[in-house]
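Have a look at the structure below, then the notes.
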Amino acid sequence: MHDDQRVRAPTHPRGAAAHHARRTGAQARRRTRQRRSDRHHAGVLGEEAPRSARAPRSQARVTALRIRPQADRDTDQAADFYAREADIDVALRFLAAVDQAYQRLVEHPHVGTPVKAFEPRLAELRFWPVPGFESYLVFYVPSPGVVEVVRVLHGARDLRRFFEAQDPTRQSPTQ
Numbered sequence: 014m015h016d017d018q019r020v021r022a023p024t025h026p027r028g029a030a031a032h033h034a035r036r037t038g039a040q041a042r043r044r045t046r047q048r049r050s051d052r053h054h055a056g057v058l059g060e061e062a063p064r065s066a067r068a069p070r071s072q073a074r075v076t077a078l079r080i081r082p083q084a085d086r087d088t089d090q091a092a093d094f095y096a097r098e099a100d101i102d103v104a105l106r107f108l109a110a111v112d113q114a115y116q117r118l119v120e121h122p123h124v125g126t127p128v129k130a131f132e133p134r135l136a137e138l139r140f141w142p143v144p145g146f147e148s149y150l151v152f153y154v155p156s157p158g159v160v161e162v163v164r165v166l167h168g169a170r171d172l173r174r175f176f177e178a179q180d181p182t183r184q185s186p187t188q
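Each residue of the sequence shown is one higher than the one before, starting from 14 at the first, in the working numbering.
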């Protein structure tokens with residue numbers, strides 16, 4: 014077949030690019046109308062939800078941090094170890110990293126890994142690594158409005174032993 018014998022689609026008077034752009038614009042408008050039709054799912058479909066559908070900024074959740082005395086002792090012991098074995102700068106960096114981990118838990122209480130993966134009776138307990146000192150783990154219980162830090166332990170320790178004697182999700186009278 015010769016080039017002059019081929020059947021060709023008719024060309025748009027303003028050129029093929031104009032025809033394609035016009036068609037694409039119409040499709041985009043149609044898609045936008047579809048997105049707007051369901052205002053309750055607007056954020057999911059690519060648009061920000063209207064202000065009335067979102068929580069007001071003044072009602073931001075505030076999560077408090079409660080650190081059990083044993084968790085404080087754990088942190089102090091680890092800092093003392095770093096001060097003795099390395100130097101005071103490492104100990105201070107460790108304490109700053111623990112504070113950073115606590116801040117992360119306050120901002121995102123459910124970010125940690127549930128302990129129930131290896132101990133089903135401790136379903137509420139979670140852990141989160143100390144940044145920069147990932148071998149240390151912060152064990153905590155997230156509750157509505159509060160994150161309670163239970164222990165701060167080195168991951169190489171026998172963690173089951175620490176949690177077998179008592180349920181760390183319950184506050185003991187001595188703590």
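Where is the CB? At the ideal position from N, CA and C, for every residue including glycine.
Check, Outcome
"Of the listed residues D85, V154, T88, nearest to G125 (C-alpha basis)", "V154"
"Extent of the continuous alpha helix (DSSP H) to which L105 belongs", "101-120"
"Status (buried if at least 16 other CB within 10 Å, exposed otherwise) for L138", "buried"
"Closest residue to Y149 among L108, E120, H121, R97 (Cα-Cα distance)", "L108"
"Collapsed DSSP secondary structure at V124 in the structure displayed", "coil"
"Length of the line joining the Cα atoms of R81 and E98", "26 Å"
"Residue range of the alpha helix (DSSP H) that includes P82", "82-98"
"Check whether R164 and F146 have beta carbons under 9 Å apart", "no"
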